[in-house]
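Just so we're aligned, residue 241 is where the sequence shown starts under this note's numbering, counting upward by one.
For each residue, glycine too, the CB sits at the ideal point set by N, CA and C.
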Amino acid sequence: MSQTGTSVFPKRFVHVNTVGSALGGGRKVSIPLAYGYPAPETFPIAELSEATVSALQESGPEMLQYSGGSGQQKIVEWIRNRSRLRSIYAEEKNILVTSGSNQGIDLAARALAEPGDEVWVEAPTYFGGIRAIQLAGASLRAFPIDSQGLCVDLVEEALMKAKKDNGKIPKFIYILPNYQNPGGTALSLERRKKLAELAYHYNFYIVEDDAYVELNFTGHTLPSIYSFAPDRVIYLSTFSKIVAPGIRCAWMIAYEEILKRAKILKSDGLTSVFVQETISCLLEKMNFDKHVQKLIACYCSRKDAMVQAIHNDFQDEVSFNEPAGGFFLWLTFPSFIDTSYMLEKAYKKSVNFIPGNAFFLNKTTSSHLRLAFSSCDEESINRGIERLAEIYFKMRNSL
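So, in structure tokens, the structure goes:
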């Protein structure tokens, strides 16, 4: 095993085992509340099939050839236009198409951080982000979130102390500002502005992972952090949640010098031309806004079903913030509950979830868990929550 693999694997051993156990370990469950998967019935299969044929007819062999550059012109132009809804006004030179948003996190981490550098993250945060940053050799420090997202005041206090004590300023802060995975929270406008100001003042970058931004249940969209600090932010988003994850196509928007570094590090060359041309053709032919509204209606209905089921079955035994978008709901149980142990009980009831310790840096136990409402219909959600409540009350009453 390489030195990098040897040094990183023990740090993320808990996360790998926790997530692997939650997602199956070979065991099938009838109610998979662990999976942050898009609903397969929302995939535009007929439209994708038509777009594939049309793209091949229009582009011919070039669509199947190797290619260089940062992305096909049509899809880059679509990204530019769509990004304006987030108050992002980027030029073509500021956009790099990637093979999924996880590749974007990996490229950003390796482009910005050297081994031994410090990176700050939310607690809890996406375990894929934790893994990518650790594989880049950086050390991590976590800051809590509340109902308004990352506690930026605590970040500011830590920055002031680091500067005063000649300590480490982070190379970047990794953040999911909209419908955070796993917390479901959205960073407030005031905190977005403040974080951008801090990035300028203390000379660090922000990696803004905006995978869920289109799945907004309220209709009220906040400007991106990028819009307040375009030369200090690397903005990431993806087609995985709005078209289908199997297409592996996403994008990065950043200052030109950062993108140059990212392109050098992009070991797979250009993201599949076939995929890019197919998506471009799909977006030209479909009513994309109408498609997004169908997605929102589906996921909002499932979120409502889960929230109501938790109120009915758990009553006041657990706490959570109702998400205004995205895929996830973050439950907090009484401190005497270990959700990793609870998961083993859940498998016997053919239901699963991801225990909270997977989303923290150094926790081996947690009284939190993440539920995904995206991939199960309302009836399955109701049955799953009912089973989890039965497990919880048996655990509570046995203590």
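Asked, Found
"Three-state class that DSSP yields for residue 492 in the structure shown", "strand"
"Short Cβ contact (9 Å threshold) for residue 448 with residue 482", "no"
"Neighbour-count burial assignment, residue 304, 16 or more Cβ in a 10 Å radius", "exposed"
"Contact belief for residue 566 with residue 466 at Cβ below 8 Å, rounded distance in angstroms", "Not really, about 19 Å apart at Cβ, beyond 8 Å."
"Residues of its chain near residue 299, where Cβ-Cβ distance is below 6 Å and the 5 sequence neighbours each way are ignored", "517"
"Pair within 9 Å by beta-carbon distance, residue 610 and residue 342", "no"
"Sequence ranges, alpha helix (DSSP H) only - wholly within the segment 519 to 583, length at least 4", "528 to 554"
"9 Å Cβ cutoff, residue 589 in contact with chain D", "Protein chains in the displayed structure number just one, and chain D is not present."
"Three-pair Cβ contact test at 8 Å for the segment 507 to 521 versus the segment 309 to 323", "yes"
"Opposing strand residues paired with residue 361 [DSSP bridges]", "382 and 414"
"Run of the beta strand (DSSP E) containing residue 445, from where it starts to where it stops", "445 to 449"
"Those residues which DSSP pairs with residue 486 across a bridge", "BP columns for residue 486 are empty, so no partner."
"4 or more residues per run - each alpha helix (DSSP H) lying fully within the segment 328 to 356", "341 to 352"
"Range covered by the beta strand (DSSP E) that runs through residue 473", "473 to 478"
"Per-residue burial, residue 405 [other beta carbons within 10 Å of its own, 16 or more giving buried]", "exposed"
"Span of the beta strand (DSSP E), counted from its first residue to its last, around residue 460", "Taken as a continuous stretch (DSSP letters only), residue 460 belongs to no beta strand (DSSP E), as it is neither H nor E."
"Three-pair Cβ contact test at 8 Å for the segment 332 to 339 versus the segment 373 to 391", "no"
"Residue 231 in three-state terms, based on DSSP", "Examination of residue 231 is not possible in this model, given that the chain is present from 241 through 639 alone."
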